[in-house]
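Undergrad: Numbering-wise (the UniProt record's numbering), the sequence shown opens with residue 1 and increments by one.
Okay, here's the structure, questions in a sec.
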Amino acid sequence: MSNAMVAIPLATGATATVRVSNILPSAIASELLAFFDSAVAAAGAAFACKIVAAHRGWLSRGYGTVQFDSSAAAIFAADLASSGRLPPFLGSRLSISPAHVDILPRAPDLSLRFAGASLILGNRVAERELEVAYTWDGVRAEIILAKRRVDLYLEHDSRKYRLEVLFEDIRECFGCNLDETGAILLQEAYTLKISKNALQSIFKLIRPHPNECSGGDLDGDLFFITWDDKLIPEKVDAPMDYAATRPRIMDHVVTLEEIQKNFVDYMINDTLGAISTAHLIHADRNPLKARSPECLQLAALHSMSVDFAKTGAPAEMPQSLRPREYPDFMERWEKPMYVSNGPMGKLYRAALRHAENSDALLPEAPASRAYDPDLEVPGFREFLDAAEECYELYAEKLGTLMSYYSAEAEDEILTGNIRNKQLYLKRDNKRYFDMKDRIVAAVEALHDEVRGWLRDCPDASRMASAWYHVTYHPDRRGEKRLWSFPWIACDNLLAIKEARGCRRQVGDAVPMDCDA
């Protein structure tokens, strides 16, 4: 949330807009605005400018409009043109005629226009107290009742901006005093809308929190919230301003062959995963971390690679940025590796030591040590043969998935975390994570199929109990079982447990006599 305080001295003036013709195709609006601002300096100033561009490319169509801050300035510009006293613009003589539509709406009542105001941006910390973050002087403010908004015109770093404050976004508005100067306080509920004539954002100084957390699009990004001050970065770097790659503009209708070629080029030249992996390695090894020159260059390439599908311009990673060694936490056994001294390396080795030394690890067949008779329902034995057939079919289908993805244990295929990852990390991490998503989707599809078997059963409760029996009963302790099978019907098993009225904990389950 941001707050804006505007000191408001009264100003006078009227709006006038003219149509300008004979503009060179290569001219841009900022040049035309500066030209008229200088030409009419004796009578006023240019307020806004717009040049009509061609549909293809960025060239001017030869005409546009200029809005002045007063009718006197507009009349003065027209007189200069008609008398031949208007200087050439980029070597071309301009023609001026009246225009009936303003480029930017202005307040019709002069009492709603203010010039020479001060814009103070900051956070409200108490009643009528503002923690100032930045101040702009010489701000023009206009209250546009017809549009239900307040327009603020300011200049920052030689760039002109228009900030739109919608009435609906104003949380509070009341009179107050600031150094004995008349002012209004607008407490914004949302971020101001900015209109600008250059690819530069004023929020390089002040950014909303969602934008600071990530890209600001909030399209499913994950956020981490902590109360530990030690995890808060001591320094917040300014966001990098990447110049977007200009998309290719075709001078003809795109053909199917061109679409096919672009699709193939994208598959061949998509280096987003490799760039991300290289960035992680350089950030881990370089003392400057993500601020290192290598990481900054890779960050720019990453932005370019993200837009590759839209622009058709691939991001080519230089050979000098390609990693020659990989940190131990990546487990790239087929590549040269080094011991990472960063946080990820330390956490990785600590996890390995815990896995090697912990007594809390589950044995090979943990579920075979306990069998819960509360999950038996009367008549379940009539379904044991059918349950055994279902189990064998499930074991066959799940075994096929395990073999296809080189999973050595049931937990690997259920979670998608294959321990033998080097088969899938020969190029980059992206391929492995894509594979993990496919594994999880394949297992979920199999589980949906198995649930269908249960729905087709005339007595789902007794069938679910039989599934549990053929998987966990002590009589089958010598067999290698797939412990996940009955829990596909977990809703039925939980209903059975609840119906039996048993409130015992897992530790109270009947132990198996493994020596019997």
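From the three backbone atoms N, C-alpha and C, an ideal C-beta is built for every residue, glycine too.
Would you mind listing the beta strand (DSSP E) stretches within the UniProt domain "RDR1/2-like RRM" (17-86) that are 3+ residues and don't spill past its ends, in chain order?
TA: Fully enclosed beta strand (DSSP E) runs of 3 or longer: 46-53 and 60-68.
Undergrad: For residue 148, which residues from the same chain have a beta carbon less than 8 Å from its beta carbon, with the 5 sequence-adjacent residues on both sides left out?
TA: Correct list, in chain order: 166, 167 and 168.
Undergrad: Have a look at 29, 499 and 81 and flag the residue whose alpha-carbon is nearest the alpha-carbon of residue 377.
TA: Cα-wise, what sits closest to residue 377 is 499.
Undergrad: Considering only DSSP beta bridges, list what residue 138 is partnered with.
TA: Partner(s): none; residue 138 has no beta bridge.
Undergrad: Thinking C-alpha only, which one of 146, 119, 293 and 337 is nearest residue 155?
TA: The residue with the shortest Cα to Cα distance from residue 155 is 119.
Undergrad: Starting from the C-beta of residue 461, find all residues in its chain whose C-beta is less than 8 Å away, skip the five residues before and the five after it, and write them out in chain order.
TA: Answer for residue 461: 377, 492, 495 and 496, listed in chain order.
Undergrad: Find out if the Cβ-Cβ distance for the pair residue 107, residue 140 is shorter than 8 Å.
TA: No.
Undergrad: Answer yes or no: do residue 17 and residue 67 have a C-beta to C-beta separation smaller than 8 Å?
TA: Going by C-beta atoms, residue 17 is nearer than 8 Å to residue 67.
Undergrad: For the pair the segment 284-304 and the segment 335-352, tell me if three or more CB-CB distances fall below 8 Å.
TA: Contact between the segment 284-304 and the segment 335-352 is present, because at least three Cβ pairs lie under 8 Å.
Undergrad: Check whether the segment 262-269 touches the segment 321-333, counting contact only when three or more Cβ pairs, one atom from each stretch, lie closer than 8 Å.
TA: Contact between the segment 262-269 and the segment 321-333 is absent, because fewer than three Cβ pairs lie under 8 Å.
Undergrad: Based on DSSP bridge pairs, tell me the residues matched to residue 98.
TA: Bridge partners of residue 98: 18.
Undergrad: Reducing DSSP to helix, strand and coil, say where residue 120 ends up.
TA: Strand at residue 120.
Undergrad: So residue 163 is in the beta strand (DSSP E); what residue range does that whole segment cover?
TA: Where residue 163 is concerned, the enclosing beta strand (DSSP E) stretches over 159-166.
Undergrad: Under the DSSP definition of a beta bridge, which residues are partnered with residue 326?
TA: According to DSSP, residue 326 bridges with 337.
Undergrad: On the premise that residue 77 lies in contact with residue 39, defined as a C-beta separation below 8 Å, what is that separation, rounded to the nearest angstrom?
TA: That pair is a contact at about 6 Å.
Undergrad: Quick one: residues in its chain with C-beta nearer than 6 Å to the C-beta of residue 446, no 5 flanking neighbours on either side, listed in chain order?
TA: Closer than 6 Å at Cβ, skipping near neighbours: 397.
Undergrad: Considering residue 265, what are the terminal residues of the alpha helix (DSSP H) in which it resides?
TA: Run containing residue 265: 256-269, per the alpha helix (DSSP H) assignment.
Undergrad: Does the pairing of the segment 435-442 with the segment 461-473 give three or more beta-carbon distances under 8 Å?
TA: Contact between the segment 435-442 and the segment 461-473 is absent, because fewer than three Cβ pairs lie under 8 Å.
Undergrad: Anyone know if the C-beta pair for residue 315 and residue 301 falls short of 8 Å?
TA: Taking 8 Å as the Cβ cut-off, residue 315 and residue 301 qualify as a contacting pair.
Undergrad: By how many angstroms is the C-alpha of residue 254 removed from the C-alpha of residue 231?
TA: So the two alpha carbons sit approximately 51 Å from each other.
Undergrad: What three-state label does DSSP hand residue 496 in the structure shown?
TA: Residue 496 falls in the helix class under three-state DSSP.
Undergrad: Taking buried to mean at least 16 other C-beta atoms within 10 Å of its own C-beta, is residue 20 buried or exposed?
TA: Answer is buried; the Cβ neighbour count reaches 16.
Undergrad: Where DSSP assigns a beta bridge to residue 472, which residues make up the other side?
TA: Looking at the DSSP assignment, residue 472 forms no beta bridge with any residue, so it has no partner.
Undergrad: With C-beta atoms as the reference, is residue 326 less than 8 Å away from residue 275?
TA: Against a cut-off of 8 Å, the Cβ pair of residue 275 and residue 326 comes out as no contact.
Undergrad: Near residue 468, which residues of its chain fall below 7 Å by C-beta distance, leaving aside the five closest residues on each side in sequence?
TA: Closer than 7 Å at the Cβ level, and outside the excluded window around residue 468, lie 375, 486 and 493.
Undergrad: For the beta strand (DSSP E) that contains residue 316, what are its first and last residues?
TA: No beta strand (DSSP E) contains residue 316, which DSSP labels as neither H nor E.
Undergrad: What's the call for residue 151, buried or exposed, on a 16-neighbour Cβ count within 10 Å?
TA: By the neighbour-count rule (16 or more Cβ atoms within 10 Å), residue 151 is buried.
Undergrad: Starting from residue 412, trace the alpha helix (DSSP H) both ways and give me its first and last residue.
TA: Segment 410-415, the alpha helix (DSSP H) holding residue 412.
Undergrad: For residue 132, name the three-state secondary structure that DSSP assigns.
TA: Three-state result, residue 132: strand.
Undergrad: Grab the span of the beta strand (DSSP E) containing residue 153 for me, first residue to last.
TA: Residue 153 -> beta strand (DSSP E) spans 149-156.
Undergrad: With 8 Å set as the bound, which would you pick, yes or no: does the beta-carbon of residue 492 sit closer than that to a beta-carbon of chain B?
TA: You won't find chain B in this structure, because it holds only one protein chain.
Undergrad: Which one of 138, 262 and 357 has the shortest CA to CA distance from residue 310?
TA: Ranking 138, 262 and 357 by Cα distance to residue 310 puts 262 first.
Undergrad: Quick one: measure Cβ to Cβ for residue 64 and residue 32, integer angstroms, because I've assumed they're closer than 8 Å.
TA: About 7 Å; that satisfies the 8 Å criterion.
Undergrad: Buried or exposed, going by whether 16 or more other CB atoms sit within 10 Å of the CB of residue 294?
TA: Counting Cβ neighbours within 10 Å, residue 294 comes out buried, since at least 16 surround it.
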